[in-house]
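Visitor: As given, the protein sequences belong to chains A and B, one line each in that order. First residue of the first sequence: 106, per my numbering; consecutive thereafter. First residue of the second sequence: 2, per my numbering; consecutive thereafter.
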Amino acid sequence: MKRLILFYISVVFLAIGCGEERESRIKVREGIGSDTLVDNIVTRPVAKAFSALIGEGIVVDEAVLRRNDAGFLELHVNGHNKSYNTKRFRYRVEWLDASGLVIETKTSVWLRASAMGKSPFSFKVVAPRTEAVDFRMDTRKWE
Amino acid sequence: MKARTLHIIALLSILFTGCGEETTNIDVVHDEGKPVMALDYRDFDQAASALVQSLLGSGSLKKKDGGRYVVATGRIVNDTMQRIDTDQLMAKIEEELLNSGQAVMSSAVGSGTDKLIHETRELRDSEEFDQSTVAARGTLIAPELSISGKIFQRNIRYDKKRQQVEYYFQLKLSDAKTGLRFWQKEIIVGKRGSNKSVAW
């Protein structure tokens, strides 16, 4: 039994990189696209179980700040969901002025977002004051 | 025997007093309470935040000469099954628009009208008032933009035990002079829960 599990895990790791070259901007999910050596009916349950075991979740890749034409700071958050399950979460952004102090605003509330399994996600937050120069963001589970 | 029973009942009553659900204050910033089928303050917070961010981000309130637009709040229709004071949504939005530095809100016309503004103008011919302190004719500023909108609800039977309730928050910004619409946004808040829950 142990050997069989080891064999499956080996197949998963060995097969990485053996897939054919695809359009990276288009995500074709299981049950729609063709099975591959890496992602098929045999390897998928093992990969999902392993992902759940190590507790994979979302990763924030970058936070881009830019000032829009109206003079407000915009925060663009880009990330990806490493797990196989859809991750639902909440985020709250607080805006900071030049002195590093929090700007009081009704827009700093817990907002909802979600990312499908093994997919990128992005969202945008707009500062409601032109005095905002920086931000801080917190996340929590979407109960 | 009777006295003993009465004693037991009295003792149990005393013991159970205080075992009920105690009242707690809600942490309105980091509320971890369960969602409810009806609209609660968290839904209004979320909708208002998303609407304000969209409006400010659109640049529709940026005046070319750098001044501030005069904005009036028009009619916000409540087409839900709940008794909602639409100010629960608009007060937050108006506050943020004022604080943004790009708009001033009108209290002279629209749903945010302050009656006293018009009442003080009725004092023009009163001998009781120093006429130099009474607002002169032609001093009110007409709004350049108006905000109007609607909140409506749809109840859908999801399966035998559950229902789906969809709330739509719609807001639009129009030029009062030309009638042209510069911005509009819809936010959907969806809830799925027991058929026994009442969404009104």
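Note that the Cβ used here is the ideal one computed from N, Cα and C, for glycine as well.
Taking a Cβ distance cut-off of 9 Å, strictly less, list which residues of the segment 157–187 of chain A are near chain B, in chain order.
Guide: Asn173, Asp174, Ala175, Gly176, Phe177 and Glu179
Visitor: Using the beta-carbon of each residue, which ones in chain B are nearer than 7 Å to threonine 244/A?
Guide: In chain order: nothing, as chain B lies at least about 12 Å away.
Visitor: When you compare the CB positions of phenylalanine 194/A and alanine 220/A, do they come within less than 9 Å of one another, or not?
Guide: yes
Visitor: For the segment 90–102 of chain B, which residues have a beta carbon sitting closer than 7 Å to at least one beta carbon of chain A?
Guide: Listed by position along the chain: Lys93, Glu96, Glu97, Asn100, Ser101 and Gly102.
Visitor: The segment 185–206 of chain A: which residues have C-beta closer than 7 Å to a C-beta of chain B, in chain order?
Guide: Against chain B - using a Cβ distance shorter than 7 Å - the segment 185–206 of chain A contributes no residues.
Visitor: Between the beta-carbon of methionine 38/B and the beta-carbon of lysine 192/B, is there less than 9 Å?
Guide: yes
Visitor: Tell me the DSSP secondary structure of methionine 106/B in three-state form.
Guide: strand
Visitor: Compare the C-beta of serine 182/B against all C-beta atoms of chain A and say whether one is closer than 9 Å.
Guide: According to the sequence displayed, residue 182/B carries arginine and not serine. Output row for arginine 182/B: interface = no.
Visitor: Can you tell me the Cα-Cα spacing of valine 238/A and tryptophan 215/A, whole angstroms?
Guide: 21 Å
Visitor: Short of 9 Å Cβ to Cβ, which residues in the segment 35–50 of chain B face chain A?
Guide: Lys35, Pro36, Arg43, Asp46, Gln47, Ala49 and Ser50
Visitor: In its own chain, which residues sit with a C-beta less than 8 Å from the C-beta of glycine 122/A, not counting the 5 before and 5 after it?
Guide: For glycine 122/A, the predicted model reports a pLDDT of 47, less than 50, meaning its position is unreliable; a value from the coordinates is still stated below. Closer than 8 Å at the Cβ level, and outside the excluded window around glycine 122/A, lies no residue.
Visitor: With 16 other CB atoms within 10 Å as the buried threshold, where does isoleucine 152/B fall?
Guide: Residue environment for isoleucine 152/B: buried (at least 16 other C-beta atoms within 10 angstroms of its C-beta).
Visitor: By DSSP's criteria, threonine 24/B is part of a beta bridge. Which residues make up the other side?
Guide: Its beta-bridge partners do not exist; DSSP assigns none.
Visitor: For leucine 170/A versus methionine 242/A, is the C-beta spacing smaller than 9 Å?
Guide: no
Visitor: Sorted by chain position, which residues of the same chain lie with C-beta nearer than 7 Å to arginine 76/B's C-beta, five sequence neighbours on each side aside?
Guide: Ser112 and Ser149
Visitor: Can you find a C-beta in chain B that's less than 9 Å from the C-beta of serine 219/A?
Guide: Under the Cβ distance rule, serine 219/A does not count among the residues neighbouring chain B, no pair being separated by less than 9 Å.
Visitor: Taking a cut of 7 Å between CB atoms, which residues from the segment 223–238 of chain A lie near chain B?
Guide: Val230, Val231, Pro233, Arg234 and Thr235
Visitor: Taking leucine 57/B as the reference, which of Asp174/A, Glu161/A, Thr141/A and Val151/A has the closest Cα?
Guide: Asp174/A
Visitor: Look at the alpha carbon of arginine 172/A and the alpha carbon of leucine 178/A, and state the distance between them as a whole number of angstroms.
Guide: 4 Å
Visitor: Give, in chain order, every residue of the segment 56–82 of chain B whose Cβ lies closer than 8 Å to some Cβ of chain A.
Guide: Leu57, Gly58, Ser59, Gly60, Leu62 and Lys63
Visitor: From the DSSP output, which residues share a beta bridge with serine 227/A?
Guide: Note: serine 227/A sits in a beta bridge opposite Asn183/A.
Visitor: Please classify isoleucine 10/B as buried or exposed, where buried requires at least 16 neighbouring CB atoms within 10 angstroms.
Guide: Exposed: under 16 other Cβ atoms inside 10 Å.
Visitor: Can you give me the C-alpha to C-alpha distance between arginine 84/B and glutamate 97/B, rounded to a whole angstrom?
Guide: 24 Å
Visitor: Quick one: which chain A residues come within Cβ less than 9 Å of valine 53/B?
Guide: Thr210, Lys211, Thr212, Val231 and Pro233
Visitor: State the Cα-Cα distance for the pair phenylalanine 240/A and isoleucine 94/B, rounded to the nearest angstrom.
Guide: Rounded to whole angstroms, phenylalanine 240/A to isoleucine 94/B spans 21 Å at the Cα level.
Visitor: Of all the options Gly67/B, Asp126/B, Ser198/B and Lys35/B, which has the alpha carbon lying nearest to the alpha carbon of arginine 158/B?
Guide: It is Ser198/B.
Visitor: Do the segment 30–45 of chain B and the segment 65–76 of chain B touch if we need at least three Cβ pairs shorter than 8 Å?
Guide: no
Visitor: Nearest to tryptophan 184/B by CA position, among Gly194/B, Gln171/B and Asp131/B, is which residue?
Guide: Gln171/B
Visitor: Where does the unbroken beta strand (DSSP E) through valine 67/A begin, and where does it stop?
Guide: Residue coverage of chain A in this structure runs from 106 to 248, which leaves residue 67/A outside it and unanswerable.
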